[in-house]
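Beneath this line is the structure, given in structure tokens, with notes to follow.
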Ligand code: 5GP
Ligand code: MG
Ligand code: MG
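Residue numbers (my numbering): 84 to 263.
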């Protein structure tokens, strides 16, 4: 699969992403204005660039933690079975928590993670996804904040990979196989 040559066509520029993050950060800062210290939970690995840019725009005391859940492996389709590969370091009971996801696709990953975190009794639990593919949804769920709604295309860049490649692209692009 990785040997099959592909190209990446830009879909969302680095500039648009930065502008959207400023808007989202203002809303989130307002939402959590009364918190002592917000726990911002990045879902590894795809959200690492997004969370880095997002927390730097938040005008709030924040703690950053990570959780790794796996549903895709290295392929292009969700396995529908979500496993927790790395759990949070800190307890979230009674805390305000913001879960940061790269893409909501079928919805299995985020719904599994939310169920898990909800069972730990946070004071407030909210979610933000950079990208949303509503056409692909199998579990009814919407993040509290979404950066961009996109069509049913396989995307890479800005933290998001194809078989562990392209995470370092500064923009979001769509994968295209020229021979198709
Ligand atoms: P879901 O469980 O909602 O189907 O899938 C969520 C996860 O699958 C996302 O967090 C992301 O890591 C991965 N995913 C979904 N769509 C894409 C895509 O277009 N490109 C890549 N690289 N990963 C995706
Ligand atoms: Mg993800
Ligand atoms: Mg991946």
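All C-beta atoms, glycine included, are put in the ideal place defined by N, C-alpha and C.
Whose C-beta lies closer than 6 Å to the C-beta of residue 129 among residues of the same chain, with five residues either side of it excluded?
185, 242, 243, listed in sequence order.
DSSP three-state assignment for residue 192, whether helix, strand or coil
helix
Beta-ladder partner(s) of residue 232, from DSSP:
Residue pairing for residue 232: DSSP places it in a beta bridge opposite 215.
Would DSSP call residue 136 helix, strand or coil?
helix
Inter-residue spacing [alpha-carbon to alpha-carbon] between residue 101 and residue 237
Approximately 21 Å, taken between the alpha carbons.
Would you say residue 86 and residue 256 are within 8 Å of each other, going by their C-beta atoms?
no
Element boundaries [beta strand (DSSP E), containing residue 150]:
145-153
Beta-bridge partners of residue 283, as assigned by DSSP:
Residue 283 lies beyond the stretch modelled for the chain, which goes from 84 to 263, so this question has no answer here.
Could you tell me the boundaries of the beta strand (DSSP E) in which residue 93 lies?
Segment 90-95, the beta strand (DSSP E) holding residue 93.
Mind checking whether the beta-carbon of residue 185 lies closer than 7 Å to any heavy atom of ligand 2?
yes
Three-state class that DSSP yields for residue 178 in the structure shown
coil
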